[in-house]
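Taking it in order: structure first as structure tokens, then the write-up.
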Amino acid sequence: MTDTTPTHLKGQGSAWEVFRIFLRLGLTSFGGPIAHLGYFRTEAVERRKWLDEQEYADLVTLCQFLPGPASSQVGFAIGMHRAGALGALAAFLAFTVPSAVIMVVFAYGAALFTGPVGEGLLNGLKIVAVAIVAQAVLGMARNLTPDKQRASIAAVAAAAALLIPGAFGQITAIALGAIAGYLLCRKSSGATGGVLHFPVKRRVGITSLVIFMTLLLGLPLVVAATGSSSLAVFDAFYRAGALVFGGGHVVLPLLQAGVVDTGWVSDQQFLAGYGVAQAVPGPLFTFAAYLGAISDVGPGGVLGAGVALAAVFLPGFLLLVGVLPFWNVLRQRAWSQAVMSGANAAVVGILAAALYQPVFSTAVTGQGPFALGLVCFVLLIAWKLPPWMVVVVGAAGGVVLALLT
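Under numbering that gives the first Met the number 0, the first residue of the sequence shown carries the number 0, and numbering increases by one thereafter.
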């Protein structure tokens, strides 16, 4: 049954409603940024109809273009669409705080995910991510690649993302998809969904962009002039968040350069925290909380974790708020709709590429993991179980496989 509620009315909600839903996601969303997009799509598009498929894909495309934690930016935008600025803040805090707390606890010495049981649990969570990403690819492909032009764009985008390493491959794929959409999809790209409701005025957007650039260029100068260790920590994590496209694992080399190469954190500490970060729900960017807590420079502890966490997320959110006021004007133009159709198809291809590498290739390492992945996929697709239940099944299955082997 088609939802005929006008989009502007869909935007009327409460911050508490957003907080409750995203808190559950923050406690159960395992699998990294690509899997998070699948969780968000299930809640905001399929279950609650806050956005339609086209609107959600447009958000994903926009956030992939911008530097910062892409999945957290999508969640932030969904919260803003539903309940304004408080909704955006509620979505961010609810989705981020659970994993940040776990990372800070680990920084204080909690021994998590060790031994066969811990390793099996970690492997089971990775297998769950395979099923979740596969569900997202299947659902988005049905809606966003309905003809041969867009299906071909998705296939080429997947090849580009697989053959060109790193975030550059993803950006190249989206750029090629946008160009191909402009050339091939003018007839097939009908009107997009209703105008998204983002209560951000143009002057606020411009101010956000100015703040973003001022901090990016000015923080190193202030640190050099004052010698403040706390500002040095803020600058290092802000720069990492400002210069990474796609978020997730892409940020790790930048964080390593900021805290390991400078001697703030040892390589052993960095790798231990990275292992735990893969096993917790929520955004991988909360790895910054662990690094800020154990850093030899800056306040350290809980305060250091808060400084690092705020700094790594801030630039991506400033950019998103800066762009949103101008987005609806662009997306309603005929040429812009064609470009967006091609870019959306490219996003499907990128998700398909990510399903293979690294999600499938790192999680499915034998017959047992493959069988468990199939079980999780069937539970999601055929049995329609909520993702958190599938997470429990996958985690338990991973422990069983580890004990059997």
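Note that beta-carbon positions come from the ideal geometry of N, C-alpha and C, so glycine has one too.
How far does the alpha helix (DSSP H) with residue i in it extend, from its first residue to its last?
| i | result |
| --- | --- |
| residue 346 | 333–353 |
| residue 387 | 386–403 |
| residue 236 | 228–242 |
| residue 96 | 69–106 |
| residue 136 | 114–143 |
| residue 202 | 201–225 |
| residue 65 | Unbroken run through residue 65: none, as it is neither H nor E. |
| residue 263 | Note, residue 263: premise wrong, no alpha helix (DSSP H); not H, not E. |
| residue 299 | Note, residue 299: premise wrong, no alpha helix (DSSP H); not H, not E. |
| residue 30 | Looking at the DSSP string, residue 30 is not in any alpha helix (DSSP H), and its letter there is neither H nor E. |
| residue 283 | Looking at the DSSP string, residue 283 is not in any alpha helix (DSSP H), and its letter there is neither H nor E. |
Taking the C-alpha atoms as reference points, what is the distance between residue i and residue j?
| i | j | result |
| --- | --- | --- |
| residue 119 | residue 239 | 31 Å |
| residue 190 | residue 53 | Residue placement at residue 190 cannot be trusted, given a pLDDT of 48 that sits under 50; the coordinates are not used to answer. |
| residue 363 | residue 136 | 18 Å |
| residue 45 | residue 218 | 42 Å |
| residue 167 | residue 71 | 20 Å |
| residue 192 | residue 380 | At residue 192 the pLDDT is 49, less than 50, meaning the model places this residue with poor confidence; the figure from the coordinates comes in the next sentence. C-alpha separation (whole angstroms): 26 Å. |
| residue 56 | residue 226 | 44 Å |
| residue 454 | residue 134 | Residue coverage of the chain in this structure runs from 0 to 404, which leaves residue 454 outside it and unanswerable. |
| residue 2 | residue 48 | Annotation note: pLDDT 43 at residue 2 (below 50); position unreliable, coordinate value reported separately. Near 7 Å, if we compare the C-alpha coordinates of residue 48 and residue 2. |
| residue 170 | residue 73 | 17 Å |
| residue 139 | residue 356 | 18 Å |
| residue 405 | residue 258 | No statement about residue 405 is possible, as the shown extent of the chain runs from 0 to 404 and does not include it. |
| residue 142 | residue 393 | 28 Å |
| residue 325 | residue 401 | 51 Å |
| residue 367 | residue 265 | 36 Å |
| residue 88 | residue 105 | 25 Å |
| residue 132 | residue 345 | 16 Å |
| residue 358 | residue 399 | 21 Å |
| residue 220 | residue 230 | 11 Å |
| residue 60 | residue 350 | 11 Å |
| residue 63 | residue 156 | 14 Å |
| residue 38 | residue 24 | 7 Å |
| residue 396 | residue 114 | 16 Å |
| residue 78 | residue 50 | 11 Å |
| residue 101 | residue 336 | 42 Å |
| residue 385 | residue 213 | 43 Å |
| residue 21 | residue 90 | 6 Å |
| residue 145 | residue 186 | 13 Å |
| residue 163 | residue 260 | 26 Å |
| residue 208 | residue 215 | 11 Å |
| residue 339 | residue 328 | 13 Å |
What is the DSSP secondary structure of residue i, reduced to helix, strand or coil?
| i | result |
| --- | --- |
| residue 314 | helix |
| residue 361 | helix |
| residue 278 | coil |
| residue 381 | coil |
| residue 163 | coil |
| residue 356 | helix |
| residue 320 | helix |
| residue 184 | coil |
| residue 37 | helix |
| residue 47 | coil |
| residue 12 | coil |
| residue 190 | Only weak support exists for where residue 190 lies, its pLDDT of 48 falling under 50; the coordinates are left without a value. |
| residue 368 | helix |
| residue 146 | coil |
| residue 269 | helix |
| residue 197 | coil |
So residue i and residue j are in contact, right, with Cβ under 8 Å, and what is the actual spacing, rounded?
| i | j | result |
| --- | --- | --- |
| residue 18 | residue 93 | 5 Å |
| residue 223 | residue 348 | Contact doesn't hold; Cβ gap of about 43 Å is too wide. |
| residue 307 | residue 291 | 3 Å |
| residue 85 | residue 315 | About 19 Å; that fails the 8 Å criterion. |
| residue 279 | residue 13 | With a Cβ gap of about 28 Å, residue 279 and residue 13 do not count as contacting. |
| residue 176 | residue 372 | Wrong, their Cβ atoms sit about 28 Å apart, outside the cutoff. |
| residue 375 | residue 126 | 6 Å |
| residue 27 | residue 390 | 6 Å |
| residue 67 | residue 318 | 6 Å |
| residue 232 | residue 284 | Their Cβ separation, rounded to whole angstroms, is 15 Å, which puts residue 232 and residue 284 out of contact at 8 Å. |
| residue 253 | residue 242 | 6 Å |
| residue 121 | residue 277 | 7 Å |
| residue 313 | residue 237 | 6 Å |
| residue 103 | residue 304 | 5 Å |
Measuring only between beta-carbons, confirm whether residue i sits less than 9 Å from chain B.
| i | result |
| --- | --- |
| residue 295 | The structure shown contains no chain B; it is built from a single protein chain. |
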